[in-house]
Amino acid sequence: MKLPRRTFLHLAAGTAVLPTVSRFAFAQTYPSRPVRIIVGFPAGFLADIAARLIAQSLSDSLRQQFVVENRPGASSNIATDAVVRAPPDGYSLLLVTQTNATNATLYENLSFNFIRDIAPVACIGTYPFVMVVSPSVPAKTVFEFMDYAKANPAKVNMSSPGTGSAGHIFGELFKIMTGVHIVHVPYRASFIPDLLSGQMQFGFTTIGAVIEHIRTGKLRALAVTAATRVDVLPDIPALGEFVSGYESSGFVGIAAPKSTSAEIIETLNKAINAALTDPKMKARLADLGVVPLANSPAEFGKYIVEYTEKWGKVIQAANIKPE
């Protein structure tokens, strides 16, 4: 049967609209069941706390439960592998950090390609580290510390949470840029007690982990690693004020498996960016030393690529190998 031209055009126009309507309806119904945010670190770590803050906010704004699932191990590679292999339906998300980016260079035989196999959703924020010394070290400034280290070669120990950790890699960049000789001592547990006792001389660590020790004078902060001074420690200079061009920060964000639909990613991105404007969220993140960074999925993806390239060069220059 041949349709009249007017009827045919009407039906064709309606058919052309269907994909858009379908996508719109799907975006409106997501999420329809609980969503997992998989974290590659134990409960209580900065990444875990940030994930729980965002999970609660997303639960409230998207009216569905977002549950944090901790899968620590293998420097967060176990958690990453789980999300890479998950269906790209938006119900398995990954809490990504600088560790994911540096692992791309550290580990040669990963079962996934971090940049290729994940879809960036949104950055939550960045967080500078702080360079702290034990009170047993006489240096009051970075320049004094450099002089002290050069006068005591191989006697100044730098503690970190482990080989290839952010604290280790950030310290290696400091060594490369200043030429000081420092012995790296990796820990499997917290190195803070040994730093407090004077058994260790200094280290690079997250601000939240030592801020009370800094405030009470049990540890001395020489510099923050951000490009500029930070609000949480306004009297502490940036390391770049002493070592021109030095900058290092961690980051935390959300990613999904590759091939996750643009509509789902956009829904999550908008909800996370909206959460970062909430004064209560800002205050909670500030307590962790995290500076909110709202951006688009494309901008977050570009940030991850540039971060991976920058620290990959440091890892190679310092010949860092995983334990």
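The sequence shown begins at 61 in the working numbering and counts up one residue at a time. Backbone N, C-alpha and C fix where the C-beta goes; we use that ideal spot for every residue, glycine too.
{"Asked": "If contact is defined by three or more beta carbon pairs under 8 Å, each pair taking one atom from either stretch, is the region 168–183 in contact with the region 351–366?", "Found": "yes"}
{"Asked": "Taking 8 Å as the threshold (C-beta atoms), are Ser121 and Ala335 in contact?", "Found": "yes"}
{"Asked": "Roughly how many angstroms lie between the CA atoms of Val95 and Glu129, to the nearest whole one?", "Found": "10 Å"}
{"Asked": "According to the Cβ coordinates, are Val143 and Pro357 closer than 8 Å?", "Found": "no"}
{"Asked": "Look up Asn399 in the DSSP assignment and say whether it is helix, strand or coil.", "Found": "In the structure displayed, the chain extends from 61 to 383; residue 399 sits before or after that span and is not available."}
{"Asked": "Less than 8 Å separating the beta-carbons of Glu273 and Leu256?", "Found": "Correcting the residue identity first, residue 273 is His in this sequence and not Glu. Going by C-beta atoms, His273 is nearer than 8 Å to Leu256."}
{"Asked": "Following the continuous beta strand (DSSP E) through Met191, name the residue where it begins and the one where it ends.", "Found": "178–193"}
{"Asked": "According to the Cβ coordinates, are Val284 and Pro352 closer than 8 Å?", "Found": "no"}
{"Asked": "Closest by CA to His241, which one among Asp207, Ile271, Gly258?", "Found": "Asp207"}
{"Asked": "Taking the alpha-carbon positions, what's the Pro382 to Thr89 distance?", "Found": "43 Å"}
{"Asked": "Are the region 161–171 and the region 337–349 in contact at 8 Å, needing three or more beta carbon pairs?", "Found": "no"}
{"Asked": "Counting pairs of Cβ atoms below 8 Å between the region 109–123 and the region 320–340, do you hit three or more?", "Found": "yes"}
{"Asked": "Under three-state DSSP, which class holds Val374?", "Found": "helix"}
{"Asked": "Put Val303 into one of helix, strand or coil per three-state DSSP.", "Found": "coil"}
{"Asked": "For Met341, which residues of its own chain have a beta-carbon under 7 Å away from its beta-carbon, when the five flanking residues on both sides are left out?", "Found": "Leu113, Ser117, Ala335"}
{"Asked": "Rounded to the nearest angstrom, what separates Thr337 and Glu369 at their Cα positions?", "Found": "30 Å"}
{"Asked": "Consult DSSP for Lys62 and reduce its assignment to one of helix, strand or coil.", "Found": "Residue placement at Lys62 cannot be trusted, given a pLDDT of 42 that sits under 50; the coordinates are not used to answer."}
{"Asked": "Can you give the Cα-Cα distance for Thr140 and Val216, rounded to whole angstroms?", "Found": "35 Å"}
{"Asked": "I think Val303 touches Met237, with their Cβ atoms under 8 Å apart; what is that distance to the nearest whole Å?", "Found": "5 Å"}
{"Asked": "I think Ser389 touches Ala286, with their Cβ atoms under 8 Å apart; what is that distance to the nearest whole Å?", "Found": "Here the chain comprises residues numbered 61 to 383, so residue 389 is not present and cannot be evaluated."}
{"Asked": "For Leu155 and Ile229, which I take to be in contact (beta-carbon distance under 8 Å), what is that distance rounded to the nearest angstrom?", "Found": "About 20 Å; that fails the 8 Å criterion."}
{"Asked": "Quick check on the DSSP output: what are the complete beta strand (DSSP E) runs of length 3 or more inside the region 213–245, in order along the chain?", "Found": "217–220"}
{"Asked": "Straight-line CA distance for Ile178 to Ala315?", "Found": "6 Å"}
{"Asked": "On the criterion of 16 or more Cβ atoms from any shown chain inside 10 Å, does Thr288 qualify as buried, or is it exposed?", "Found": "exposed"}
{"Asked": "Please name the residue, chosen from His244, Thr162, Ser219, Ser194, that lies closest to Gln376 on a Cα-to-Cα basis.", "Found": "Thr162"}
{"Asked": "Under 8 Å between the Cβ atoms of Thr157 and Phe311?", "Found": "yes"}
{"Asked": "What number of angstroms, rounded off, separates the C-alpha of Ala322 from the C-alpha of Phe174?", "Found": "19 Å"}
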